[in-house]
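Remarks on the structure that follows.
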C-alpha cells in the first residue's frame with residue numbers, strides 16, 4: 631500500500647510533493663493593473679511647452695476666518711439694505727425724485743471700484759491713469775490719447791481711453807447688479823478739457839448674443855475751470871451693439 635510510504639516521508643518533503651498537484655488545478659492569476667488617467671494627463675506635455683511650476687497649497691487659517699467674516703457682513707448688508715433707504719431712513723420715507731449716489735470719490739479706496747484701460751493693451755500708444763485729486767474729494771483721469779495706427783497691416787483706426795466701473799460683489803463672490811428701475815435720470819458732475827466722451831451703460835442679459843448690447847450717450851465737455859452738472863434722461867441713450 632502507498633499509505634504507509636507517505637506516512638514515513640518528512641513533513642517538508644510531503645508538502646513539496648503535494649503542493650504541485652494542487653497548483654496545477656488553480657488557474658494562473660496575474661496582478662490587475664488599472665492605469666490612472668489623471669496621472670497620464672498630468673505628466674504629458676506637448677513638445678516645446680514649459681513645465682508648470684505650481685506652488686503648493688498653503689492654507690492660512692486666519693485669512694480664511696477673515697474671508698468668512700467679510701462674506702457674512704456683505705450678506706447682512708445685502709439683506710437689510712432692502713428695507714433701509716438712504717441715510718438710514720425707512721423706505722416709506724424714500725420719496726420720488728430723490729438722488730441715489732452710486733459712485734463718489736472720498737479716498738484712495740474709491741479708485742478700487744474702477745478699471746482704467748487704453749488701446750496700449752492691443753498695440754496702441756494711448757495711456758490712461760486714474761488718481762485722487764489734492765483734496766481727496768474728486769478723481770483725476772489723465773493720460774495721452776494717440777490715434778497712431780499700429781503697423782500690423784490690419785488695424786485701420788486706433789486711439790481710445792476707457793474708465794469702467796467694476797461689477798460689485800455680494801457675499802460669497804456673487805454678482806451684484808444695480809437696480810435703476812425707479813430712476814429716469816443719470817446725474818454727473820464732471821470737469822473736462824473740451825473733448826467729447828461716450829457714456830456707456832451695459833446690461834446683464836440672458837442670451838449670449840445680447841452680451842454686447844449697450845446704451846450710449848455722447849457727453850461734450852466745456853473745457854473750462856468750472857464744474858459741469860450733466861443730467862441725462864434715460865430715453866436719450868441710444869442702443870447699439872459693440
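Numbering (the numbering used here), first residue to last: 631 to 872. Where is the CB? At the ideal position from N, CA and C, for every residue including glycine.
Once the 5 residues before and after residue 664 are set aside, which same chain residues still bring their CB inside 6 Å of it?
The pLDDT assigned to residue 664 is 49, lower than 50, so where the model puts this residue is not dependable; a value taken from the coordinates is nonetheless given after this. So no residue of the chain qualifies.
By how many angstroms is the C-alpha of residue 845 removed from the C-alpha of residue 814?
Near 14 Å, if we compare the C-alpha coordinates of residue 845 and residue 814.
Looking only at its own chain, which residues have a Cβ that is under 6 Å from the Cβ of residue 776, when we skip the five neighbours before and after it?
755, 756, 789, listed in sequence order.
Helix or strand or just coil, what does DSSP make of residue 809?
Looking at residue 809 - three-state DSSP - the assignment turns out to be coil, as it is neither helix nor strand.
With a 10 Å radius around its C-beta and 16 neighbouring C-beta atoms as the bar for buried, classify residue 748 as buried or exposed.
The residue is buried, with at least 16 neighbouring Cβ atoms inside 10 Å.
Taking only the alpha-carbon atoms, compute the straight-line gap between residue 865 and residue 730 and give it to the nearest angstrom.
Distance between residue 865 and residue 730, taken at the CA atoms: about 19 Å.
Residue 758 vs residue 773 beta-carbon contact at 8 Å
In this structure, residue 773 lies closer than 8 Å to residue 758 by Cβ.
Residue 771 versus residue 825: straight-line alpha-carbon distance, rounded:
Taking the Cα positions, residue 771 is about 13 Å away from residue 825.
What does a CB cutoff of less than 6 Å around residue 670 pick up in its chain, not counting 5 residues either side in sequence?
Below a pLDDT of 50, predicted positions are generally treated as unreliable, and residue 670, at 46, falls in that range; the measurement from the model is reported next regardless. Cβ within range, chain order: n/a, list empty.
Using 8 Å for Cβ pairs, my map puts residue 833 next to residue 842. What's the rounded Cβ distance?
A Cβ-Cβ separation of about 11 Å leaves residue 833 out of contact with residue 842 under the 8 Å criterion.
Pick from 872, 823, 850, 795: whose alpha carbon is nearest that of residue 839?
It is 872 whose Cα lies nearest to the Cα of residue 839.
Identify whether residue 734 lies in helix, strand or coil by the three-state DSSP scheme.
Here DSSP, grouped into helix, strand and coil, assigns residue 734 to coil.
Neighbourhood of residue 857 by C-beta, 8 Å cutoff - its chain only, sequence neighbours within 5 removed:
Shown here for residue 857: same chain residues with a beta carbon closer than 8 Å to its own, the five before and five after excluded, namely 819, 820, 821 in chain order.
When 829, 816, 828 are compared against residue 862, the one with the closest alpha-carbon
When each option's Cα is compared against that of residue 862, the closest is 816.
Just how far apart, CA to CA, sit residue 847 and residue 830?
Cα-Cα distance, rounded: 7 Å.
Backbone secondary structure at residue 773 - three-state DSSP
Strand.
Could you give the distance in angstroms between the alpha-carbon of residue 798 and the alpha-carbon of residue 739?
When rounded, the distance between both Cα atoms is 14 Å.
Return helix, strand or coil for residue 797, following the three-state DSSP convention.
If DSSP states are grouped into helix, strand and coil, residue 797 belongs with coil.
Based on DSSP bridge pairs, tell me the residues matched to residue 820.
Under the DSSP definition of a beta bridge, residue 820 partners with 858.
Other residues of its chain near residue 828: CB distance less than 7 Å, five sequence neighbours each side excluded
Taken in chain order, the residues that qualify are 846, 848.
Rounded to the nearest angstrom, what separates residue 764 and residue 691 at their Cα positions?
So the two alpha carbons sit approximately 39 Å from each other.
Rounded C-alpha distance that separates residue 792 from residue 761
So the two alpha carbons sit approximately 14 Å from each other.
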